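All residue numbers for the sequence shown refer to the numbering used here, where the first residue is 11 and numbers rise by one.
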Amino acid sequence: MNAADTSIWSFEITPAEGGCLLTQRYVMSELRHGLRVQLAELSEQQAALFLARRRSRLEGGMRHTVRAVKRTVEQAHGRAATD
11 MNAADTSIWS
21 FEITPAEGGC
31 LLTQRYVMSE
41 LRHGLRVQLA
51 ELSEQQAALF
61 LARRRSRLEG
71 GMRHTVRAVK
81 RTVEQAHGRA
91 ATD
């Protein structure tokens with residue numbers, strides 16, 4: 011596995027009442043070398059804050075992507091997108 015293979019993004023669409031359920035997942039199997047080096051230079055508290063901020067950015071990006079997929083699918087099927 012090379013560094014580019016350490017992150018896996020996936021989507022799952024399952025039937026649900028009145029439509030479908032879209033689930034997006036992100037799995038990082040190992041930290042990239044650069045991130046490991048950067049975290050090693052931080053105190054435990056700084057590293058925890060760094061990782062919390064990184065997770066928040068990832069979650070925000072995931073929410074944005076799911077909303078965009080939902081909007082696209084609903085427009086393709088002539089339905090108004092709602093959040």
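By construction, the Cβ of each residue, glycine as well, lies at the ideal position given by its N, Cα and C atoms.
Given the structure is predicted, the values throughout are model-derived calculations rather than measurements.
With a threshold of 6 Å on Cβ separation, who are the neighbours of residue i within its own chain once the five nearest residues in sequence on each side are excluded?
i: I23; result: C30, L32
i: R35; result: S20
i: G44; result: none
Per DSSP, which one or two residues make a beta bridge with residue i?
i: V79; result: Looking at the DSSP assignment, V79 forms no beta bridge with any residue, so it has no partner.
i: M38; result: S17
i: E22; result: T33
Inspect the beta-carbon positions of residue i and residue j and report whether they are closer than 8 Å.
i: L52; j: F60; result: yes
i: A62; j: L49; result: no
i: G42; j: T16; result: It should be pointed out that residue 42 corresponds to Arg in this sequence rather than to Gly. Yes, the pair counts as a contact, with Cβ atoms nearer than the cut-off.
Count the other C-beta atoms from every protein chain shown that fall within 10 angstroms of the C-beta of residue i, then say buried if there are 16 or more, exposed otherwise.
i: M11; result: Confidence is the limiting factor: at M11 the pLDDT is only 46, short of 50, which leaves the residue's position unreliable, though a coordinate-based value still follows. By the 10 Å Cβ count, M11 comes out exposed.
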